[in-house]
Amino acid sequence: MFRFAMDVNCSFLTGIWQKYGGRVRKFVRFSVLLTCTIVVIVQLCECFSKLFSPPISSHLRVVVNQSMTYPAITICRYPSYKPDVLQKYNLQNVRTTSDWEDFPYDKITLEEFWNESTYRMDEGYFLSALNALRQSVQIKSTYYLIWGQCHTILPLIQTTSSGKGSGYSVMLYQKEISYIHSENDPEEGWHIFVHPATDPWTESTQEYTGEDESLLLAVGEELHVRIGVQEYHLVDKADDHCNASLDHSHEEGSKVLVAQITDTFRIWYTFCMIKGNIFRS
Numbered sequence: 018m019f020r021f022a023m024d025v026n027c028s029f030l031t032g033i034w035q036k037y038g039g040r041v042r043k044f045v046r047f048s049v050l051l052t053c054t055i056v057v058i059v060q061l062c063e064c065f066s067k068l069f070s071p072p073i074s075s076h077l078r079v080v081v082n083q084s085m086t087y088p089a090i091t092i093c094r095y096p097s098y099k100p101d102v103l104q105k106y107n108l109q110n111v112r113t114t115s116d117w118e119d120f121p122y123d124k125i126t127l128e129e130f131w132n133e134s135t136y137r138m139d140e141g142y143f144l145s146a147l148n149a150l151r152q153s154v155q156i157k158s159t160y161y162l163i164w165g166q167c168h169t170i171l172p173l174i175q176t177t178s179s180g181k182g183s184g185y186s187v188m189l190y191q192k193e194i195s196y197i198h199s200e201n202d203p204e205e206g207w208h209i210f211v212h213p214a215t216d217p218w219t220e221s222t223q224e225y226t227g228e229d230e231s232l233l234l235a236v237g238e239e240l241h242v243r244i245g246v247q248e249y250h251l252v253d254k255a256d257d258h259c260n261a262s263l264d265h266s267h268e269e270g271s272k273v274l275v276a277q278i279t280d281t282f283r284i285w286y287t288f289c290m291i292k293g294n295i296f297r298s
């Protein structure tokens, strides 16, 4: 009896498999194929989306540049003003307003005074070169209230080596020592500021946003400076180009913005004065 039941069940299942087995195999095969197709389509969509819209940080590549750009050097004389010229125009100092009460404004302009009282480039700057070439540097002179007339040496080339033979070579001289200083005053000489060429140096710490290194060189001394710097620059993009010009910096942009605001205020003030005169008349 038991054997008969088993034979009936096996034959029944065999009949069902023979009748529906082909459909089951096709359904399983279709399900596997559909699943694989969906997975492939999703992966292809992700790949194409990365091609059309690249991620912000898909990969990192560091390109080691063998060339070097030297920093700029700003040199300011100490004392900043010629003592005999200050005495000539009744000035003890130039930092406070009270020092200018006895200044002869009717005899000399401030521009003429600054040219006469500060040290020009030919009054102490004998030679400056980069990589043993004088044409590899550019010198710009700027007037400051505290530091007088300072001169900035800018690099015009890039070098591939470092050392005494490839770096800056600057020779300074002083004709005579005419400044009588007290014990608390530093020695007579030059203040040297090393800073990036794209960040023009200024004596105001509130306006200057760059980094600088301050050095003091006394008369008769020889100074050797070695600086190690690692810089990382952004790579140009198709829609965002990097500007490597020496005139493109935060300080220069601030100067342009302040000049524009000053001109706008001057025009507005003039317009208000003219308008007020018209109404009064």
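At position 125 of the sequence shown (counting the first as 1) the number is 142 in this note's numbering, and the numbers step up by one without a gap. Where a beta carbon is used, it is the ideal one built from N, C-alpha and C, also for glycine.
Look at T113 here: in three-state DSSP terms it is coil, with no helix or strand label. Taking 8 Å as the cut-off, the beta carbon of Y98 is found no closer than this to the beta carbon of T126.
When DSSP states are grouped into helix, strand and coil, T159 belongs to the strand group. Separation of the CB atoms of E230 and V211 is rounded to 4 Å, and the pair is thereby assigned contact status at 8 Å.
E230 is bridged by DSSP to V211.
Taking C-beta separations shorter than 6 Å and ignoring five residues to either side along the sequence, the partners of I92 in its chain run H168, W207, I209, following chain order. With distances taken between CA atoms, A214 lies nearest to A89 out of T159, R46, A89. The beta carbon of Y185 is closer than 6 Å to those of L147 in its chain, skipping five residues each way along the sequence. Around the CB of S145, 16 or more other CB atoms lie within 10 Å, so the residue is classed as buried. Apart from sequence neighbours up to five positions away, the residues of its chain that approach L108 with a beta-carbon distance below 7 Å are D116, F120, ordered along the chain. Around the beta carbon of F65, a 10 Å sphere encloses fewer than 16 other beta carbons of the protein chains shown; the residue is thus reported as exposed. A straight line joining the alpha-carbon of T177 with that of Y95 spans about 34 Å.
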